[in-house]
Structure formats: structure tokens, C-alpha cells
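Colleague:
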Amino acid sequence: MTAHPHDAPGTDSLDDLFGDAPAPRPALGAAEAQNGLLKGLNPEQLAAVTLGQEPALILAGAGSGKTRVLTTRIAWLLRQGHVGPGGLMAVTFTNKAAKEMSTRLSAMLPYNVRGMWIGTFHGLCNRFLRAHWKLAGLPQGFQILDASDTVSAVKRVIKAMNLDEERFVPKQVSWFIAGAKEDGLRPKDIDLRDEQTRKLAEIYQAYEDQCKREGVVDFAELMLRAYELMRDNAAVREHYQHRFQYLLVDEFQDTNKLQYAWLKMFAPPGRGQGVFAVGDDDQSIYAFRGARVGNMSDFEREYRVRRVVKLEQNYRSYGHILDAANELISRNSHRLGKNLRTEMGPGEPVRVNEAASDFNEAQWLLEEAQALHRQGLPRSEIAILYRSNAQSRVIESALFNAGVPYRVYGGLRFFERAEVKHALAYLRLIENANDDTSFLRVVNFPARGIGARTLEQLQDAARQSGRSLYQSVAAVPGKGGSNLAAFVNLIESMRNLTQGLTLREIIEQMLETSGLAEFYRTDKDGAERLENLDELINAAEAFVTQEGFGKDAVALPVDELGGFTPGQIAAGDPPAIAAVNLTPDAETGEIVSPLAAFLTHASLEAGDNQAQAGQDAIQLMTVHSAKGLEFDAVFITGLEEGLFPHENSLSDGDGLEEERRLMYVAITRARQRLYLSFSQTRMLHGQTRYNVKSRFLDELPEASLKWLTPRNQGFGSGFAREYQQAWERGSGLKSMVGAGRVERQAPAWQQEREGKDAPSFGGAPVPKTMKQAAAAKVGAEHGGLRVGKAVFHNKFGEGVLLTLEGSGPDARAQVNFGRHGTKWLALSVAKLTPID
DNA sequence: GGCTCTTTCGTTTTT
DNA sequence: CGAAAGAGCC
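If you count the first sequence from 1, you need to add 358 to reach the working numbering.
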């Protein structure tokens, strides 16, 4: 057993942690605290904020002031002296939420909140593991793999094991491994129910060995390692359980099994800590990723929660919008039960629009958004939401062609860009040359004559000796070997040249020595990449300033930090604080170089996907990424069966309920104005699909809706029919096929709104093959039935005819019945009535 | 070793 | 349809 302190310090010495804070614990009178902090809270918020040291579940509806409650509670606890800043932990999911909390707290407290345990699950686990790297069995400077690093690491394992990549798809295998870890399972714990799983467990084991050899951990590993150390080391466990008297968890509905287990290690039920779990079961949209809404009810039961506080007062949206949200979500079962209310009045009705095609829908979005902007709404207050990323394309092209600034969220993020990853790989090799992932990324970039054959030899050698690629270079003979040796020399000289430099200088030096800068300077489209590399330097500079790695950084007294002495933490002597820019971590006293700290930062925080920042632009994003945001005007697009709710989610009831929650999240993003739109036809995977409007539209209260297009116009009656007729006549077909789309006169209702000459565009359902064309022709022979036509079936209801095949008694039709799915029907038996 | 042709695949994804 | 990754060619 390692010598480990469990004489956890009292709250007093923890307060000393904040040596730079003027008054660690001001004794405020209740009245003053009331005025300063609690003013303006509604009764439920106040109740939540001022709860005692007990387990509590806060059901925080959308727009109910959740973040305010969380931060105010922290400030209140500190100012009341219920706990010191070191005795409290607040966990979130996103860096953004953590940052937001810290910023707001700084404004409420007289301390520097840096050093407090406020952060993401992964960020806090990282901090914990950096402090206890030795006990956790990690190398001191362990690096963190992001999602794509993880996949390529897994891929290497699969290759090394000589397994078929068709059968073991790297991405899926890495999913399997992450899933196992998130269930708290190591390879030996995997249930080997079949041959495939047995093999997967083997890959998992080999992957683990590889990570260990390279000194890297993936995201899931951060959580699992931290959990295991708490579970297996009584001294550590005792210390932290004693230390953290109050724990606050944000977005509790999104926690997975491991995160909940992790939390229970820090604050087991019955130990009397104040665990404050905030969440909204109706906004649980990450079950597909392992989130367990059930953790909320488990928490309530296991912690014998007596106080469930519901925050139902909504400060964001007008009445019609909330009515729509409430009515929709009421259709879900197993809810914890919550109804949003507002005092803002009914506001405007929810507008509903039906379009003939996805192209048309985009055109309508563009015009409506422009109208809003002309009325004085900033573009950044207009959000266009969609279920899946592929839907953004048509919308983007409409906006782009009209010259309207827009910003798409969810693309490549800063630290994920290829050139930035290359630069980071060099930096990582300076820190840890055994990081094979980074080695392979840049060993031949820029090109230095090291090809696949050479690398194969190198990897064989490394595998045989159980060493890293870097260490195995000498084993490769010939020209490849000498090129490899040159690369090693390059890295070594880089390490020497950057000794004692500031972070900025290190990066600049690396860019030149590695040849990266030169490569992009001569590359024909390297200009943008060079800019990003400059941006990397800026990011590093900002990081240095923010995290206090500046030249004036002063070493804090380490022996009082969190009750661990440096010697005890590391079970060895920490490096001396010699060079400028070497600052011990405020919490652990561990000496970190700014470079190492920056690399960790880069792994844990992928950065924004910066589009033209600063420009007032319309916001485009998936519904998932809209969670937590709000806008004056929101468009929810593509409300069609199969798209939203998505067809892949329809196989089970839980899937549908998650889709409904997703719709609920989408609706509750809107403050003043909400638009819902759907289209009769849509281009997907290069094929035109005829869709039925989403069932979610039928689940909204009629009284809150205003149809911009005639209600229930009937599918297949608009554009699709017109095109079909034109095609059958053979008129105008050539131009339609040539352009891939058709121009036509707008339907009557649209002319009424937009003027007589309004043109209308639609994606044409161009038959792709002769076979399809023939089938469509056959279809024309069946009394009144045509592809694209709306039909009615006694059992399945309204649907859209997709295909007609055969003739006479063999004639059959494929019909999309929306919620009943797509069916093949024999026309001699099934009775299909065309609807007009 | 780098370029071009071909094949494959397409829901959402906070870290 | 269109991106991205892999295979194959010079």
C-alpha cells in the first residue's frame, strides 16, 4: 500500500489554497446574502439554491434559469460559509457550460475561482489523474487521444492482429471499446457470448496494451481510470469523500452508467454529502450515446432524495410555443412529470409551412429569414434547425446564392483540422516521443522518403521488442532506416532547440524545424492552413495568459494543496521550480510545462468550429447542437416521417420517445417566433423521396398553430404531381432532366402570398434508370395511380405511392405510409384510393 | 511516394 | 448526389 495521507485537511487549510484571494470566507449576514445573491429568484429557485446538505434532485425545465440556480447555489454555499472553495465540486458535460459557470461565479465571489473543482467530467478526471498518475498506473506526462486518434489507434491494433477490417470496422470497434469502458468493463469483464465478441474483447485487450506502451489514454479511459482508482484505493477514496462536502451535477439526464458510478465513489449514498443533481428528463437526447435517463430515478431512490424541486417557470418563450412543447411531450410515457409555464402572454402562433420540395423549402426559409432581418432581427437571432447534417446542404446553397451570411455549426473544429493536428503531433513528440499515433501522423509529413514498406518494417520491429516506434528506429536497415534516423534526429533537435522557450516560441520553432510552415508556404492552397497555424499560436498565447503560465507566474505553496504533499502525490520528488514558465498546478502542486498543459487543453477542448466570426449570420445547426441555446426566431425544418422522427429510430418505442424529446428541445429553443416546415419531396442519397408530414405536427395543439400553406393539402398533389404529368406528356422533360430541377408556376396559394409572378422551384424526381422509367410508365396504367400520388388505404391510412410494378394480377405498389412504414401491396388485393 | 480512379456509404455525437 | 477512403498505377 502506498503511503498516502488521509488526514484530510480541515476546511481552513483548504481556504488557504486561495492565497491570492483577499478574503477567503467573508461572513455575510443572512440579510446581505439575501439582497446580493438571492434577489429576483422565484420560490422554487430559492428553495433549490438554499437547500441544506442533503441529496436533492432538481428538475429544471427548458429556460427555467438552471444555470443561474447552479451558480447561485455555489455562491450561496460559499458566502454562507457552509463550505470552502476546496470542498465543493461542480461537474458539467461541456467546456462551454463549465466556463460559463466559472465566469458567472467570478462575478459573484470575491475569490479567484481558478483552482476550484469546476469542470467537465473529463476535465476533472484529467486533473485527478494528473495528481495521482502514479497510483493510477499512468506515466506522468500521459497524452489524451481524441475521437479520431482513438479510431486510428484501434485501426493499427486490428492491422497488427491481422484481422479483417471488413469484419472489424475500426470505427465500430472503437465504439465497442468506448461502450464497454462506459459500462465500467475491462476486457476480462466482457461477456464472451459469441465468437465475434470474443475477438472484440481480444482487440480491446491489445488496444489497452498499446495505449499503455505509448503512454496515451482515450476519453473513456480518463473516466474509467479515475473511477477505478477511487474504487480500489481506500486512502484516496476516503480523502476525496471527506473533502468534497458538496457536489453539483449539471445535465444529470445525460450521465452514463460510468459517470453515475464515478459520482457515487465521490459521494456514496448515505455519507451525508450535499449532492445536487440538476437535470431534465424531457431533454434527454443522448441515449444513443450511452446516456441513461434512468440515472435520475435511480438517484432519487438510492439517495433517498426527499427534496425534488421542479423549476417549471419558463423565462424564455411565449405561451403558444410552450403550449406546443407541453402538448407534444405529454405523449411520452415514464416522465418524471413537469409542465412549463410562462407569464409572458400567448405571443404569436406557431407558423407551419408545407413546401413542394426541399429546394422550395430552402427558398422559403431564405425569404422568411430575410423578412425577419428586415424587420430588425439580427441574423444571429435566427436559427435554422434540422435533424441531420445532410439537410444543411440545400439550405446553405440557397443562403449562399442569395449572399446571406450564415454560420453552420458542427463542422470541423479548430483542433481537429489536419494542419493543426499535424502541428500538435510534432509538439506531442517533443513531450513524449513514444506516442506512436503522433509519430505515424508526421513521420512522413512533410514527405521525407519514409514509405509504407519502411513503416511496416518499423512496426514489425516495434511489435517484436514491445517498444515504441521511436525506440525501434535502429532496427530498420537500409535507406528507409537512415531516413527514419534522420527523423529521430529532427525530433531530438527540436526538443533541444525549444528548451527554455516560451510556448509561443516553441510552436514557432517547431513549425520551422519540422518543415510544416515551409510545406504550406509552397503548397498551392496552403494559405488558409498557414492562417490556421497562426491561429494555433494565438490560441497558445491566449492559453498561457489565461492559465497563468506567464513570466510572472509564482509558485504556490504546494504542501497545503488539497492535503497532499508533492512527495506523497508523486511518491517521488517533483522537479525543482527552476525555469521561468514552470508553474505547479494550483491544485496538485505538480509541475507542468506550459507545453504539456497546452496539449492537454487541445485534447480536451476541440475548440469552436470558427466560421466567419464577428459577422452577423444566420445560425444553422442540428437540433442536437442547439440544445442549451436560445433564439428569437427558430425554424424547425424537414418535419417529415422518416427524417424527423428519423426512420432508424422507429424500430422501438424508446427511439420514438427520444425523437419526441428532440422535437421538444427544438421547440423550446424559440423565444418569440417558431416556424415548422416540411416538404413533399426531398433529395436524399441522390434519390428523390416522397415524404409524409411528421406525426409530431399532429401532436401539437391546433389552437397554437397557424398554417401558412393550406392545411392538409394532400401529398403528391403539388409539385410532384405536376412534374409527373409533365413527364408523362413528354413536355419540358428535357430541360427538367438537364437541369436536374424544374421551374414552374407557383401554386395558387403561393401566388397569393408572394405575388402573381412568383416562380417556384422543385427538385425533380428524375427516374435514374430505364427500369425505373419503365416501372413508372407501367404505373400510369393503373386507374388513377401514379408515382408520387397520395393514396388512402383502409388499414394504413394516408400514404404516398413510391413505385408501381408489373401489370394485371401481378401489379404491385410500394407505398410510404409514414408511421406505418413503407409497404409493398398487391394491387389485386389491396384497395388503394387516390386522394386529390 | 504521390497522384488518380474507384468504391463505399450516408442520424444524432457535449468529451 | 457527393465526400472520403482505399486501391491501383506511374
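Glycine included, each C-beta is placed from N, C-alpha and C at the ideal position.
(1) Please classify Asn-307: does DSSP put it in a helix, a strand, or coil?
(2) Which residues in the same chain as Ser-961 place their Cβ atom closer than 6 Å to its Cβ, once the five residues preceding and following it in sequence are excluded?
(3) Given 8 Å as the limit, is there contact between the stretch 671-687 and the stretch 698-712, that is, 3 or more CB pairs closer than that?
(4) From Glu-1016 to Gly-652, what does the alpha carbon distance come to, in whole angstroms?
(5) So, helix, strand or coil for Gly-1072, using DSSP?
(6) Are the CB atoms of Phe-602 and Leu-446 within a distance shorter than 8 Å?
(7) Please state if the CB of Leu-757 and the CB of Tyr-764 are separated by a distance shorter than 8 Å.
(8) Helix, strand or coil for Asn-484? Go by DSSP, reduced to three states.
(9) Could you have a look at His-490 and say whether DSSP puts it in helix, strand or coil?
(10) If I measure Cβ to Cβ from Ser-510 and keep anything under 7 Å in the same chain, skipping five residues before and after, which residues do I get?
(11) For Arg-647, tell me which candidate among Asp-681, Leu-428, Glu-540, Pro-545 has the shortest Cα-Cα distance.
(12) Nearest CA to the CA of Glu-1060: which residue from Ala-683, Phe-803, Gln-498?
(13) Mind listing, in chain order, the continuous alpha helix (DSSP H) runs of no fewer than 4 residues lying wholly within the stretch 795-826?
(14) Which two residues bound the contiguous alpha helix (DSSP H) that contains Asp-990?
(15) One question on the structure: do Val-977 and Phe-989 come within less than 8 Å of each other, judged by their Cβ atoms?
(16) In the stretch 442-468, which residue ranges form an unbroken alpha helix (DSSP H) of at least 4 residues, counting only runs that do not cross its ends?
(17) Considering just the uninterrupted stretch of the alpha helix (DSSP H) at Met-588, what are its terminal residues?
(18) From Thr-1039 to Val-710, what does the alpha carbon distance come to, in whole angstroms?
(19) If you draw a straight line from the alpha carbon of Ala-885 to that of Met-868, how long is it in whole angstroms?
(20) Give me the Cα-Cα distance between Gln-563 and Gly-1011, rounded to the nearest whole angstrom.
(21) Express the C-alpha separation of Ala-729 and Met-581 in angstroms, rounding to a whole number.
(22) Does DSSP put Pro-707 in a helix, a strand or coil?
(23) Once you ignore the five residues that flank Leu-891 on each side, which residues in its own chain have a CB closer than 8 Å to its CB?
(24) Restricting to Cα atoms, I'd like to know which of Ala-518, Ala-536, Ala-455 is closest to Ala-819.
(25) Name the one or two DSSP bridge partners that Tyr-604 has.
(26) With DSSP as the reference, please indicate the residues paired to Pro-324 in a beta bridge.
(27) Ile-416 lies in the beta strand (DSSP E); which residues open and close that run?
(28) Given this structure, state the Cα-to-Cα distance separating Thr-856 from Tyr-598, to the nearest angstrom.
(29) Judging by CA-CA distance, which residue of Trp-1182, Phe-1175, Arg-1047, Ser-1062 is the nearest neighbour of Ala-714?
(30) Is the CB-CB distance between Gln-411 and Gly-630 below 8 Å?
(31) Do Met-459 and Thr-429 come within 8 Å of each other at the CB atom, strictly closer than that value?
(32) Kindly indicate the opening and closing residues of the beta strand (DSSP E) around Thr-613.
(33) Short check: CB of Glu-1005 to CB of Ser-1052, under 8 Å?
(34) Three-state secondary structure (DSSP) at Gln-671?
(35) Check this for me: beta carbons of Lys-615 and Arg-650, under 8 Å apart or not?
(36) Relative to the C-alpha of Ile-864, which candidate in Leu-842, Phe-956, Val-766 has its C-alpha closest?
Modeller: Working from what's here:
(1) One cannot answer for residue 307 here, as it falls past the ends of the chain, which runs 359 to 1194.
(2) Counted from its first residue, the first sequence places residue 961 at position 603. Correct list, in chain order: Ile-502, Asp-504.
(3) yes
(4) Mapped onto the first sequence, residue 1016 falls at position 658. Mapped onto the first sequence, residue 652 falls at position 294. Distance between the alpha carbons of Glu-1016 and Gly-652: 13 Å.
(5) Along the first sequence, one-based indexing puts residue 1072 at 714. Unreliable positioning characterises Gly-1072 in this predicted model, as indicated by a pLDDT of 43, which lies under 50. The coordinate reading is nonetheless provided below. If DSSP states are grouped into helix, strand and coil, Gly-1072 belongs with coil.
(6) Against the first sequence, residue 446 aligns to sequence position 88. Against the first sequence, residue 602 aligns to sequence position 244. Yes.
(7) As a first step, residue 764 is located in the first sequence; it is residue number 406 there, counting from the start. As a first step, residue 757 is located in the first sequence; it is residue number 399 there, counting from the start. Yes.
(8) Working through the first sequence from its first residue, we reach residue 484 at position 126. Helix, per DSSP.
(9) Locating residue 490 in the first sequence gives position 132, counting from the first residue. Correct three-state label for His-490: coil.
(10) Start at 1 with the first residue of the first sequence, and residue 510 comes out as number 152. Result list for Ser-510: Thr-795, in chain order.
(11) Looking up residue 647 in the first sequence gives position 289. Here the closest residue by C-alpha is Glu-540.
(12) Here residue 1060 corresponds to residue number 702 of the first sequence, with the count starting at 1. If we check each option's Cα against that of Glu-1060, Ala-683 comes out closest.
(13) 810-823
(14) By 1-based counting over the first sequence, the position of residue 990 is 632. Segment 989-994 is the beta strand (DSSP E) holding Asp-990; no alpha helix (DSSP H) there.
(15) Numbered from its first residue, the first sequence carries residue 977 at position 619. Numbered from its first residue, the first sequence carries residue 989 at position 631. According to the sequence provided, residue 977 is Gln. The question's Val does not apply to it. Yes; because the gap between Cβ atoms is below 8 Å, this pair is in contact.
(16) 453-466
(17) Residue mapping note: residue 588 aligns to position 230 of the first sequence, counting from 1. Where Met-588 is concerned, the enclosing alpha helix (DSSP H) stretches over 577-590.
(18) As a working note, residue 1039 is residue 681 in the first sequence. As a working note, residue 710 is residue 352 in the first sequence. Rounded to the nearest angstrom, the two C-alpha atoms are 17 Å apart.
(19) Position 527 of the first sequence, counted from the first residue, corresponds to residue 885. Position 510 of the first sequence, counted from the first residue, corresponds to residue 868. In a straight line, the C-alpha of Ala-885 is about 18 Å away from that of Met-868.
(20) Counted from its first residue, the first sequence places residue 563 at position 205. Counted from its first residue, the first sequence places residue 1011 at position 653. Their backbone Cα atoms lie some 35 Å apart in a straight line.
(21) Residue 581 sits at position 223 when you count from the first residue of the first sequence. Residue 729 sits at position 371 when you count from the first residue of the first sequence. About 48 Å.
(22) As a working note, residue 707 is residue 349 in the first sequence. Of the three classes helix, strand and coil, the one that applies to Pro-707 here is coil, per DSSP.
(23) One-based indexing of the first sequence puts residue 891 at position 533. Result list for Leu-891: Glu-777, Val-778, Ala-781, Leu-869, Leu-874, Ala-875, Tyr-878, in chain order.
(24) Your numbering for residue 819 matches position 461 in the first sequence. Ranking the options by Cα distance to Ala-819, first place goes to Ala-518.
(25) In the first sequence, residue 604 corresponds to position 246, counting from 1. Tyr-604 is bridged to Leu-446, Gly-632.
(26) Missing from the structure shown is residue 324; the chain here goes from 359 to 1194 and no further.
(27) As a position in the first sequence, residue 416 is number 58, starting the count at 1. Residues 414-418.
(28) Walking along the first sequence from the start, residue 856 turns up at place 498. Walking along the first sequence from the start, residue 598 turns up at place 240. Taking the straight line joining both Cα atoms gives about 38 Å.
(29) To locate residue 714, count along the first sequence from 1; it is residue 356. Nearest of Trp-1182, Phe-1175, Arg-1047, Ser-1062 to Ala-714, Cα basis: Arg-1047.
(30) Mapped onto the first sequence, residue 411 falls at position 53. Mapped onto the first sequence, residue 630 falls at position 272. In contact: Gln-411 and Gly-630 (Cβ atoms closer than 8 Å).
(31) Here residue 429 is taken as the residue at index 71 of the first sequence, counted from 1. Here residue 459 is taken as the residue at index 101 of the first sequence, counted from 1. Cβ atoms of Thr-429 and Met-459: closer than 8 Å.
(32) If you number the first sequence from 1, residue 613 lands on position 255. Taken as a continuous stretch (DSSP letters only), Thr-613 belongs to no beta strand (DSSP E), as it is neither H nor E.
(33) By 1-based counting over the first sequence, the position of residue 1005 is 647. By 1-based counting over the first sequence, the position of residue 1052 is 694. No; because the gap between Cβ atoms is not below 8 Å, this pair is not in contact.
(34) The count along the first sequence starts at 1 and reaches residue 671 at position 313. Three-state result, Gln-671: strand.
(35) Counting from one through the first sequence, the residue named residue 615 turns up at place 257. Counting from one through the first sequence, the residue named residue 650 turns up at place 292. Cβ atoms of Lys-615 and Arg-650: closer than 8 Å.
(36) On the first sequence, position 506 is the one that residue 864 refers to. The shortest Cα separation from Ile-864 among Leu-842, Phe-956, Val-766 belongs to Phe-956.
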